[in-house]
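Student: Structure provided below as structure tokens; questions to follow.
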């Protein structure tokens with residue numbers, strides 16, 4: 001029993017220490033002790049004890065102004081983890097778990113020079129009469145495309161959307177601004193799929209470790225089968241899955257918070 005108690009305390013200490021590292025990861029830049037303690041739900045003295053150990057191992061470095069940043073040994077561990085990590089496998093796994101949790105169709109989309117592209121999809125249960133296909137899709141009329149409109153630089157998305165809509169630059173800008181505002185206010189996109197009548201999509205951003213958008217994770221179903229209410233199970237599962245995948249990919253917490261304005 002004593003051995004188990006000690007082992008549990010040791011595991012708990014690692015978990016608490018990880019909260020300290022996450023508090024520093026949030027940034028921006030070097031972070032003062034007081035902020036680290038608040039983010040990690042620790043007293044300043046307890047946070048300082050963890051920092052002292054992390055500094056000795058090179059996982060944290062002081063900047064000489066009473067603030068702290070992640071250190072070189074942690075960077076080395078991170079780079080090794082990235083080399084060993086199969087990102088596509090992680091994304092596929094997250095999408096499959098989301099499908100199992102909702103019974104809806106799922107899709108993973110990326111941005112390319114040509115526009116929005118589905119790289120992975122699986123149908124819901126039961127399967128509908130329409131089949132999603134991997135490849136180039138609309139940006140203006142898909143949930144994933146709307147996510148990219150909201151979070152990518154406008155110079156990347158505007159030419160694609162202008163071609164799709166066939167409108168003037170000013171009209172396109174107004175449409176994109178409206179889409180971006182709605183997505184950023186909610187933190188996810190809701191879109192009726194023009195290419196699949198009576199189908200609707202909900203899509204949420206997945207973030208990279210450098211704070212840029214990596215993927216759009218999407219649920220699709222007939223509009224009568226998908227619950228788009230903010231507190232409903234489908235939005236809840238989707239947003240949670242996208243956040244968990246972003247975290248696995250190393251996305252800063254600050255970026256995920258700022259995605260909802």
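Residue numbers (the UniProt record's numbering): 1 to 261. We put the beta carbon where it would ideally sit given N, CA and C, even for glycine.
Residue 58 to residue 183, Cα distance in whole Å?
Tutor: 40 Å
Student: Just tell me which of 225, 250, 197 and 202 has its CA closest to the CA of residue 212.
Tutor: 250
Student: For residue 104, which beta-bridge partners are listed by DSSP?
Tutor: Per DSSP, none; premise fails for residue 104.
Student: Residue 36: buried (16+ other C-beta within 10 angstroms of its C-beta) or exposed?
Tutor: By the 10 Å Cβ count, residue 36 comes out buried.
Student: By a C-beta neighbour count over all protein chains shown, 10 Å radius and 16 as the cutoff for buried, is residue 252 buried or exposed?
Tutor: buried
Student: Runs of 4 residues minimum, wholly inside the segment 155-216: which ones carry the alpha helix (DSSP H) assignment?
Tutor: 169-186
Student: Between residue 33 and residue 209, what straight-line distance do the alpha-carbon atoms span, to the nearest angstrom?
Tutor: 23 Å
Student: In the DSSP assignment, find the unbroken beta strand (DSSP E) run with residue 116 in it and report its ends.
Tutor: 115-122
Student: For residue 233, which three-state DSSP category applies?
Tutor: helix
Student: Which residues mark the beginning and the end of the beta strand (DSSP E) in which residue 61 is found?
Tutor: 60-62
Student: When the Cα of residue 154 is compared with those of 172, 26, 224 and 106, which residue comes out closest?
Tutor: 172
Student: Give the C-beta separation of residue 149 and residue 135 to the nearest angstrom, bearing in mind that I take them to be a contact with Cβ-Cβ under 8 Å.
Tutor: With a Cβ gap of about 19 Å, residue 149 and residue 135 do not count as contacting.
Student: Closest by CA to residue 144, which one among 99, 203 and 40?
Tutor: It is 203 whose Cα lies nearest to the Cα of residue 144.
Student: Where residue 15 and residue 207 are concerned, what is the direct C-alpha to C-alpha distance, given to the nearest angstrom?
Tutor: 23 Å
Student: Report the option in 166, 52 and 63 whose CA atom is closest to the CA atom of residue 30.
Tutor: 63
Student: Going by DSSP, what residue range makes up the alpha helix (DSSP H) through residue 143?
Tutor: Counting along the chain, the alpha helix (DSSP H) containing residue 143 begins and ends at 143-151.
Student: Starting from residue 69, trace the beta strand (DSSP E) both ways and give me its first and last residue.
Tutor: DSSP places residue 69 in the uninterrupted beta strand (DSSP E) bounded by 67-70.
Student: According to DSSP, is residue 110 helix, strand or coil?
Tutor: strand
Student: According to DSSP, simplified to helix, strand and coil, what is residue 27?
Tutor: coil
Student: From the DSSP output, which residues share a beta bridge with residue 137?
Tutor: 116
Student: Round the Cβ separation of residue 188 and residue 238 to the nearest angstrom and send it over; I've been treating them as touching at under 8 Å.
Tutor: 7 Å
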